[in-house]
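Asker: Questions regarding the structure given below will be posed in turn.
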Amino acid sequence: MPNKDQTEATTELSFKCANCGHMYPTDNLREKPCPVCGRTNSVEEGCLINVSNEDY
Ligand SMILES: [Zn+2]
């Protein structure tokens, strides 16, 4: 019953910009430009980080 957001995983992947360090959601894309500096970070570059939705 408490699992109302079952499609939302507790751990999400985000890009961490290799240029400015800004973290932003991937939107399930394999590469995406940084909204801050415009650098395109990609999965292939290893710019992915795990972001937990749960507090710890
Ligand atoms: Zn950036």
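In terms of the working numbering, the sequence shown opens at residue 3 and continues consecutively. Beta carbons: idealized from backbone N, C-alpha and C, even for Gly.
#1: If I measure Cβ to Cβ from Val45 and keep anything under 6 Å in the same chain, skipping five residues before and after, which residues do I get?
#2: Rounded to the nearest angstrom, what separates Leu50 and Pro37 at their Cα positions?
#3: Leaving aside the five residues before and after Asn52 along the sequence, list all residues of the same chain whose C-beta is less than 7 Å from its C-beta, in chain order.
#4: State the Cα-Cα distance for the pair Asn21 and Glu47, rounded to the nearest angstrom.
#5: With DSSP run on the structure shown, which of helix, strand or coil describes Val132?
Answerer: Reading from the atomic positions:
#1: Annotation for Val45: Arg32 place their beta carbon closer than 6 Å to its own, counting only its chain and skipping 5 residues before and after.
#2: Taken atom to atom, the span from the alpha-carbon of Leu50 to that of Pro37 is near 15 Å.
#3: The residues are Thr13 and Leu15.
#4: Those two C-alpha atoms are separated by around 12 Å.
#5: Not covered by the structure: residue 132. The range shown for the chain is 3 to 58.
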